[in-house]
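Enquirer: Residues 2 to 197 in my numbering are what the sequence shown spells out, letter by letter. We put the CB at the ideal spot given by N, CA and C, even for glycine.
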Amino acid sequence: MPDTVESKESRRDQILNAATRIFSEKTYHGTTLQDIADAVGMLKGSLYYYIDSKERLLADIIIEAAKTLNEDLVRVENADTGPVERLRQIIREHVKFNAIYREAGTLFLTEKNVISSLEMSELVEIFTRRDKLLALALNQAIAAGLYRQVDIRITSLAIVGMCNSVLFWVKPAGRFSYEEIADAFFELIHDGLSIK
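Okay, structure coming up:
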């Protein structure tokens, strides 16, 4: 890769990282492009070489993070596992995503009204995959007689809500690892759905 392309990508990563931090600290509306330019040591006008707009910058932060969740979900989707193990893996990947990309995840939940419908469609596609995988795992577990009959939509929303809650209470160097949290969530859900 030529130095100019590599350095542009590196500089863009610096801008994305700085913007993620500043948006998280000051909110999207409380942040100016000058704040971001100052954080990366460049003139505000020079930012436009790397970004299209502040709105697109926010969308890129969230989309780049969400792509990693999508890759993990594709692996879960393609794995040769039963529905209960698939449910465990979906929960684990979602909690891991929220633990690793805490700032981007929080920005999505708090600032998604800023993102245009075109950019939002990229995110909807990823979260739709997650929702379909959840529904499939739950439906298969019910059909196999492993879980009791429940409303799939309500149950899926409850699972997503649990997974998203870590954005607000888990500390990066906290008492529990994301694996421990995901396993605890899974056990709560599994025990609540299992036919006794």
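#1: Taking the alpha-carbon positions, what's the I64 to L70 distance?
#2: DSSP three-state call for F177: helix, strand or coil?
#3: Around the Cβ of H95, are there at least 16 other Cβ atoms within 10 angstroms (buried) or fewer (exposed)?
#4: Could you tell me the alpha carbon to alpha carbon distance between I92 and E126, rounded to whole angstroms?
#5: Out of A80, L147, L59, R131, state which residue places its alpha-carbon closest to the alpha-carbon of M121.
#6: Which class does D4 belong to by DSSP, given the choice of helix, strand or coil?
#7: In the DSSP assignment, the alpha helix (DSSP H) including S118 goes from what residue to what residue?
#8: Whole angstroms is fine: what's the gap from R1's alpha carbon to R176's?
#9: Here's the rule I'm using: 16 or more other beta-carbon atoms within 10 Å means buried, otherwise exposed. How should E181 be labelled?
#10: Quick one: give me the first and last residue of the alpha helix (DSSP H) that V151 is part of.
#11: Using the DSSP secondary-structure output, state which residues sit across from S195 in a beta bridge.
#12: By the DSSP assignment, the alpha helix (DSSP H) with I64 in it spans what residues?
#13: So, with DSSP's three-state summary, where would you put K45?
#14: Taking the alpha carbon of G46 as the point to measure from, which residue in Q35, A40, E56 has its own alpha carbon closest?
#15: To the nearest angstrom, report how far apart K55 and L17 are at their CA atoms.
#16: Tell whether a beta-carbon distance below 9 Å holds between R87 and L134.
Expert: So, from the data block:
#1: What you label residue 64 is simply residue 63 of the sequence shown in a count that begins at 1. What you label residue 70 is simply residue 69 of the sequence shown in a count that begins at 1. Approximately 10 Å, taken between the alpha carbons.
#2: Working through the sequence shown from its first residue, we reach residue 177 at position 176. It is coil, neither helix nor strand.
#3: For the purposes of this step, residue 95 is identified with residue 94 of the sequence shown, where counting begins at 1. Answer is buried; the Cβ neighbour count reaches 16.
#4: Taking the first residue of the sequence shown as position 1, residue 92 is located at position 91. Taking the first residue of the sequence shown as position 1, residue 126 is located at position 125. Approximately 18 Å between the Cα atoms of the pair.
#5: Sequence index remark: in the sequence shown, residue 121 carries index 120 (1-based). It is L59.
#6: Counting from 1 along the sequence shown, the entry for residue 4 is found at position 3. Caution is warranted here: a pLDDT of 48 is assigned to D4, below 50, making its placement in the model unreliable, and no coordinate value can be reported.
#7: The residue given as residue 118 occupies position 117 in the sequence shown. For S118, the uninterrupted alpha helix (DSSP H) segment begins and ends at 118-144.
#8: Nothing about residue 1 can be reported from this structure: the residues present for the chain run from 2 to 197 only.
#9: One-based indexing of the sequence shown puts residue 181 at position 180. Note on E181: under 16 other CB atoms within 10 angstroms of its CB, so exposed under the neighbour-count rule.
#10: Your numbering for residue 151 matches position 150 in the sequence shown. Counting along the chain, V151 sits inside no alpha helix (DSSP H), nor does DSSP assign it H or E at all.
#11: Translated into the one-based positions of the sequence shown, residue 195 becomes position 194. As computed with DSSP, S195 is found in a beta bridge with Y148.
#12: Along the sequence shown, read from residue 1 onward, the residue named residue 64 stands at position 63. Unbroken alpha helix (DSSP H) run through I64: 55-79.
#13: To locate residue 45, count along the sequence shown from 1; it is residue 44. Of the three classes helix, strand and coil, the one that applies to K45 here is helix, per DSSP.
#14: On the sequence shown, residue 46 is found 45 positions in, with the first residue counted as 1. Nearest of Q35, A40, E56 to G46, Cα basis: Q35.
#15: Start at 1 with the first residue of the sequence shown, and residue 55 comes out as number 54. Start at 1 with the first residue of the sequence shown, and residue 17 comes out as number 16. Approximately 11 Å, taken between the alpha carbons.
#16: Position 86 of the sequence shown holds residue 87. Position 133 of the sequence shown holds residue 134. Cβ distance < 9 Å, so R87 and L134 count as in contact.
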